[in-house]
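In what follows, a structure is listed as structure tokens, so that the remarks can point back to it.
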Amino acid sequence: MNLRLVGPTPLPPTVRDALARPMLNHRGPEFAAMQTRIVNSLQHYFQTAHDLLLFTCSGTGGLEAALVNLLSPGDAVVAVSIGVFGDRFADIAETFGAQTHRLRFPWGSAADPDALRAKLAEIKNARAVLITHNETSTATTNPLQELARVAHENSDALLLVDAISSMGAIHLPVDEWGVDVAVTGSQKVWMIPPGLAMVSVSPRAWAAYAHARMPRYYWDFKKMRDAIAKGQTSFTPGVNLYFALDAALDLMNAEGFENIRARHARLAQHTRAGAQTRGFELFADPQFASNTVTALRVPPGVNGKKWRQVLNQTFDTVIAGGQKELTDKIVRIGHLGWVNETELDACLDAMTAALPYAQAN
Ligand SMILES: *Cc1c(COP(=O)(O)O)cnc(C)c1O
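Mapping to our numbering: the sequence shown position 49 is 43, numbers consecutive.
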């Protein structure tokens, strides 16, 4: 099957083999050595010298962890949102009692740094700024470097970044840009199944942790940091996901970070050009088009749901639909992780061939 979601992505053979390895003692020396290797590699991809924590959960768990470890109920936060996942980050903050000020932009556009500056002038006591690096629902990448600079120049707020679908593939030097917490998820760029969230924590974030009073138990950063220092995890980890990640990081380290980023840029370019050649219209603002996912408008006269059904049933190809208000208005092609040009061409060809069977009537 040509699985072209934005996660879960296809698994390389060595990752699939790793998943089938026998269990080991998750509090023994083998696990400790594996976790050390994994953390060291992840620090490289996050471009951070600071703490890197892994939680057994999907990406959203990592977002919740970032909020509940660093904030108190009633804290003001500015939540920048350019789509479904930006809204989700804001919703989690609100759920735990943060005073959440949303800064929303039209879907398909990136966030405007000047608007963030104005918002921070208005909300003077913001304790955190929440930003999605790569908005998967609209295939748009925010200008995070500028947004981060504006956030730091205009506030003392912590910078919490959802990098779930970008980390490892799109440039995001966590320490250099002053990102206090960055979160990613295993089923995106990392070529392994869903179930692990990776979270970086800056010294500034640890200072906030000391005073933060939102309720937390499973997500407690300090519990996890102390456990990792002993070669363990705070609770039983998804052991075979660690096997898989260890194997995937071997592949990534062999390819090299620069090459991985260049490959994703090339595949994105290839997908956008191939889509346009075939007559499809791109959805996202071209200046901010994502390197891990491409969104296309459902062509006029085509039923988006039927299109994806035919693709799945007749052409053995799976792409993602639109979410929320973009349902049946766009489709999305994931080009992250273990994927090449041939597979993307096959996907675009199948999309073209399926069109006559997906007419709206
Ligand atoms: C996939 C994704 C999420 C949600 O992650 P889950 O693993 O489904 O919890 C959040 N934000 C972004 C940007 C994503 O791509």
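C-beta: ideal position from N, C-alpha, C; glycine also.
Same chain only: Cβ atoms within 8 Å of residue i, ignoring 5 sequence neighbours per side
i: V296; result: L349, A352, Q353 and A354
i: E319; result: W101
i: T135; result: A104, H127, N128, E129, S160, I164, F282, A283, S284 and N285
i: V233; result: M17, L18, H20 and F25
i: A120; result: A70, V71, V72, H95, L114, S149 and A151
Residue i, DSSP secondary structure in three states
i: Q353; result: strand
i: H38; result: helix
i: H95; result: strand
i: R(-2); result: strand
i: V292; result: coil
i: A283; result: strand
i: L276; result: strand
i: P4; result: coil
i: N19; result: coil
i: D106; result: coil
i: K113; result: helix
i: N247; result: helix
i: H264; result: helix
i: N119; result: coil
i: H44; result: coil
i: A269; result: helix
i: A14; result: coil
Same chain only: Cβ atoms within 6 Å of residue i, ignoring 5 sequence neighbours per side
i: L36; result: L46 and M192
i: R82; result: none
i: T89; result: none
i: G53; result: I158, G179 and A191
i: A242; result: V9, W184, M185 and I186
i: A238; result: V9, A12, L13 and I186
i: R111; result: V144 and N148
i: C51; result: A191
Residues bridged to residue i (per DSSP)
i: A259; result: In DSSP, A259 forms no bridge with anything.
i: L124; result: A73 and L154
i: T135; result: N128
Below-8 Å beta-carbon distance, residue i vs any chain C residue
i: A12; result: The structure shown contains no chain C; it holds only a single protein chain.
Residues of its chain near residue i, where Cβ-Cβ distance is below 7 Å and the 5 sequence neighbours each way are ignored
i: A142; result: L153, W171, G172 and V173
i: V279; result: Sequence check: residue 279 is Asp here, not Val. G102, S103, A104 and T134, listed in sequence order.
i: R302; result: I313, G315 and V325
i: R294; result: Looking at the sequence provided, one finds Pro at residue 294 rather than Arg. So no residue of the chain qualifies.
Original post:
Which runs of the alpha helix (DSSP H) fall wholly inside the stretch 154 to 230 and span at least 4 residues, in chain order?
Top reply: Along the stretch 154 to 230, the alpha helix (DSSP H) occurs as fully enclosed runs of 4 or more residues at 197 to 203 and 215 to 223, listed in sequence order.
Original post:
Taking any heavy atom of ligand 1 as the mark, which residues have a C-beta closer than 7 Å to it, listed down the chain?
Top reply: Those residues placing their Cβ nearer than 7 Å to any heavy atom of ligand 1 are, following chain order, V0, G1, S52, G53, T54, G55, L57, F79, R82, T126, N128, E129, T130, D156, I158, S159, G179, Q181, K182 and P188.
Subject >> Contiguous alpha helix (DSSP H) assignments of at least 4 residues, all confined to the stretch 297 to 337 >> reply: You should have 298 to 309.
Subject >> In chain order, each alpha helix (DSSP H) run of at least 4 residues that lies wholly inside the stretch 46 to 104 >> reply: Within the stretch 46 to 104, the complete alpha helix (DSSP H) runs of at least 4 residues are 53 to 64 and 78 to 89.
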